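In the UniProt record's numbering, the protein residues as written are 1 to 372.
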């Protein structure tokens, strides 16, 4: 018997953008199948009828494939990451979603299907990939589902059980405040284009900004532990740099440093401060502002404080996660991502020194996060 052929599994998003996702998924399958004839690999389609259906298929069939390719936005990348994280199976990304923030941070093609597929095929042929960090968010307590008067579990508007047990990986950011409510509003917007939906959601949510109450216990980069209450409109635990189609909320994030970045607004900003922050979010200088606090962390426990407003449903990579309390941990180099050789070379040139220079430029201490 001959040696088994290399297998590439594909997952698309058939329900996105009024069926357009299904069309793109079929297009990618055809291109990969044609490339497989030249490069010696087969393609299998594991696309399910929903996020959870596809995730289950990817996990249950993991022994059958050597590579997993996902087609869509950050939510689909989250699906792929949760399917193969920690397995060593490389993930290929065809970024055609509304945000594409994780792909943007990786310097992968965005909304260029043919270029993305060619890059994936080239990475398979050349064996080039990046091992990147992930965030892992878990319920701090063993949470029980909330049941209504009928005895059925209470679910949120996305159909997920309220206060159900959380245990999932994310590639980009865990949003715990204003950023989560903005993401939620953008998800339900009817405006065309991801950036337009996000920009409109920003304006609405800033106008009705709340002060959420958190209690945070953070293990910093040097191993020391800090614990304090935070009353803030926004709290984010970032693995990657971008959100909302290019807003650089966490400019100090590196994808392979084994750390996460805790970013929060330390006051309720006025109109001028909001305008300045939005401007700085596009030039890499957001954290130079005194209204933002930042700490590099290995792990952080976030619970509900006695004061402040009730935080919204947490979101990660544009997907609904659940409610506090949670523990968030950096998972060092837990995800292997297929990248073309040129992209791999770019990432090799981006080092901790570049990030330290940016932190020093902004006047912060790299360990405590405080302004010097």
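Just so it is clear, CB atoms sit at the ideal spot from N, CA and C, and this is done for glycine as well. Nothing here was measured: the structure is a model prediction, and the numbers come from that model.
- [ ] Report yes if the C-beta of residue 118 is less than 7 angstroms from at least one heavy atom of the ligand FMN; otherwise report no.
- [x] Annotation note on the ligand FMN: not contained in the displayed structure, which lists no ligands.
TODO: Rounded to whole angstroms, what's the CA-CA distance from residue 327 to residue 120? Just pull it up for me.
DONE: The residue labelled residue 327 in the question sits at position 327 within the chain shown. The residue labelled residue 120 in the question sits at position 120 within the chain shown. Answer to the nearest angstrom: the Cα atoms are 34 angstroms apart.
Task: Pairwise C-alpha distance: residue 5 and residue 186 - done: As a working note, residue 186 is residue 186 in the chain shown. As a working note, residue 5 is residue 5 in the chain shown. Cα to Cα, the separation comes out at about 43 angstroms.
Task: For residue 167, three-class secondary structure by DSSP - done: If you number the chain shown from 1, residue 167 lands on position 167. Here residue 167 sits in strand by DSSP.
Task: Cβ-based burial, residue 318 [other Cβ within 10 Å; buried from 16] - done: For the purposes of this step, residue 318 is taken as the residue at position 318 of the chain shown. Burial state of residue 318 is buried, judged by a 10 Å Cβ sphere holding 16 or more other Cβ atoms.
- [ ] Measuring alpha carbon to alpha carbon, tell me which of 64, 127 and 61 ends up nearest residue 92.
- [x] Taking the chain shown and counting its residues from 1, one reaches residue 92 at position 92. Of the candidates 64, 127 and 61, the one whose C-alpha sits nearest the C-alpha of residue 92 is 127.
- [ ] Indicate whether residue 32 and residue 8 have their beta-carbon atoms separated by less than 8 angstroms.
- [x] Locating residue 32 in the chain shown gives position 32, counting from the first residue. Locating residue 8 in the chain shown gives position 8, counting from the first residue. Taking 8 angstroms as the Cβ cut-off, residue 32 and residue 8 qualify as a contacting pair.
- [ ] Using three-state DSSP, classify residue 183 as helix, strand or coil.
- [x] In the chain shown, counting from the first residue as 1, residue 183 sits at position 183. DSSP places residue 183 in helix when its eight states are reduced to three.
TODO: Kindly identify the DSSP beta-bridge partner or partners of residue 139.
DONE: Here the question's residue 139 lines up with position 139 in the chain shown. BP columns for residue 139 point to 326.
- [ ] Pair every Cβ in the stretch 343-354 with every Cβ in the stretch 83-97, then say whether three or more of these pairs are closer than 8 angstroms.
- [x] Contact fails: fewer than three Cβ-Cβ distances are below 8 angstroms.
Open item on the list: residue 10 and residue 28 - do their beta-carbons sit closer together than 8 angstroms?
Closed with: Indexing the chain shown from 1 puts residue 28 at position 28. Indexing the chain shown from 1 puts residue 10 at position 10. Less than 8 angstroms separates the beta-carbon of residue 28 from that of residue 10.
Task: Pairwise C-alpha distance: residue 196 and residue 334 - done: Here residue 334 corresponds to residue number 334 of the chain shown, with the count starting at 1. Here residue 196 corresponds to residue number 196 of the chain shown, with the count starting at 1. Taking the CA atoms as reference points, residue 334 sits about 33 angstroms from residue 196.
Task: Contact between the stretch 74-84 and the stretch 175-182 (3+ Cβ pairs under 8 angstroms) - done: The way I'd put it, the stretch 74-84 doesn't touch the stretch 175-182; fewer than three beta-carbon pairs between them come closer than 8 angstroms.
- [ ] Determine the extent of the beta strand (DSSP E) in which residue 304 is found, giving its start and end residues.
- [x] Taking the first residue of the chain shown as position 1, residue 304 is located at position 304. Residue 304 -> beta strand (DSSP E) spans 292-304.
TODO: Keeping to the same chain, check which residues put their C-beta closer than 6 angstroms to that of residue 103; ignore five residues upstream and five downstream.
DONE: On the chain shown, position 103 is the one that residue 103 refers to. Residues of the same chain with a CB within less than 6 angstroms of the CB of residue 103, apart from the 5 flanking positions on each side, are 93, 95 and 110 in chain order.
Task: Cβ pair residue 238, residue 260 closer than 8 angstroms - done: Here residue 238 is taken as the residue at index 238 of the chain shown, counted from 1. Here residue 260 is taken as the residue at index 260 of the chain shown, counted from 1. Taking 8 angstroms as the Cβ cut-off, residue 238 and residue 260 qualify as a contacting pair.
Open item on the list: Suppose the cutoff is 8 angstroms on Cβ atoms and the five residues either side in sequence are ignored; what does the same chain contact list for residue 363 look like?
Closed with: For the purposes of this step, residue 363 is taken as residue 363 along the chain shown, with counting starting at 1. Contacts found: 288, 371 and 372.
Task: Top-ranked residue by Cα proximity to residue 60, from 264, 217 and 80 - done: Your numbering for residue 60 matches position 60 in the chain shown. Checked all of 264, 217 and 80; the closest Cα to residue 60 is 80.
Open item on the list: I'd like to know if the stretch 224-239 and the stretch 271-279 are in contact, where contact means that at least 3 CB-CB pairs between them fall below 8 angstroms.
Closed with: Because the criterion of three Cβ pairs below 8 angstroms is not met, the stretch 224-239 and the stretch 271-279 do not touch.
Open item on the list: In this structure, how does DSSP classify residue 215 when only helix, strand and coil are distinguished?
Closed with: Against the chain shown, residue 215 aligns to sequence position 215. Three-state result, residue 215: strand.
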